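Under the numbering used here, the residues of the sequence shown are numbered 13 to 192, in order. Ideal Cβ placement from N, Cα and C applies to all residues, glycine included. All values reported here derive from a predicted model rather than from experimental measurement. Notes to accompany the following structure.
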Amino acid sequence: GTSSSLLNLDVGGTRKAYHFTDGTDVYSFNTANGAYIFGTNNAERLRIDSSGNVGIGTTSPDGKLTLPATASNTPALRLQSATSDADVALSSYADANGTYAALGANYYLNSGGNGAAFDTNEFGAAVLLDGRNSGSIQFLTSSTGIAQERLRITSAGNVGIGTGSPSTTLETASANATGD
13 GTSSSLLNLD VGGTRKAYHF TDGTDVYSFN TANGAYIFGT NNAERLRIDS SGNVGIGTTS
73 PDGKLTLPAT ASNTPALRLQ SATSDADVAL SSYADANGTY AALGANYYLN SGGNGAAFDT
133 NEFGAAVLLD GRNSGSIQFL TSSTGIAQER LRITSAGNVG IGTGSPSTTL ETASANATGD
């Protein structure tokens, strides 16, 4: 009947790490000036470096939380909806031309860098930051299917509504001749 427990991890007679519980909380410490590494399937998955930066999927985190941009069908961050599959996601796609990043509700970037929806029967909306091709910011919406571009701000500062390539400060496109 003890109220706490301690497990020391020694190397050459010197404590380098320890695990401790006070009966309520569990503590795990690396006392050396090194990283704390977690792995599965014989591969590193998460690292906390000696300055406290956390990396998931990277061995060299350079921010408080580092998630690498990869060609993947898995968003870097996914907040699951309690009522549907229309989750919120932060996703990115990187290739030789640069990086796209998207923050979307029922929208993410797939392994080809294209927009995708978690549930094509739900509403969707997203903001796409294009650091690959044009340096633009795009706003996307949909009532079903994959969200489509509705508004774009180009690297020149031009704004396009209904057009992806505005050539003036504000340009709108209309589906009918009356301009409605």
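DSSP three-state assignment for ASN122, whether helix, strand or coil: coil
Residue span of the beta strand (DSSP E) that contains GLN92, given as start and end: Premise fails: GLN92 is in no beta strand (DSSP E) and is neither H nor E.
Distance, ASN126 Cα to GLY67 Cα: 25 Å
Alpha carbon of SER123 to alpha carbon of TYR105, nearest angstrom: 7 Å
Same chain, Cβ closer than 7 Å to ASP192, five either side skipped, listed in chain order: Low per-residue confidence applies at ASP192: pLDDT is 42, beneath 50, and the placement is therefore not dependable, though the value from the model is reported in the following sentence. These residues qualify, in order along the chain: SER186.
PRO178 - DSSP class collapsed to helix/strand/coil: coil
GLU183, DSSP secondary structure in three states: strand
Best match in ALA159, THR36, LEU77 for proximity to ALA114 [C-alpha to C-alpha]: ALA159
Beta-carbon proximity list for GLY198, same chain, < 8 Å, skipping 5 on both sides: Outside the displayed span of the chain (13 to 192) sits residue 198, for which this structure offers no information.
Buried or exposed by the 16-neighbour rule on C-beta atoms within 10 Å, applied to LEU91: exposed
With 16 other Cβ atoms within 10 Å as the buried cut-off, status of THR190: A caution first: THR190 carries a pLDDT of 49, below 50, which makes its placement in the model unreliable, though a value can still be read off. Result: exposed.
Residue interval of the beta strand (DSSP E) (run including ARG59): 55-60
LEU18 versus ASN65: straight-line alpha-carbon distance, rounded: 26 Å
Beta-carbon proximity of ALA101 to GLY116, cut-off 8 Å: yes
DSSP beta-bridge partners of PHE135: DSSP output for PHE135 lists no bridge partner at all.
Where the beta strand (DSSP E) through GLY110 begins and ends: 110-117
ALA137 beta carbon less than 8 Å from that of LEU121: no
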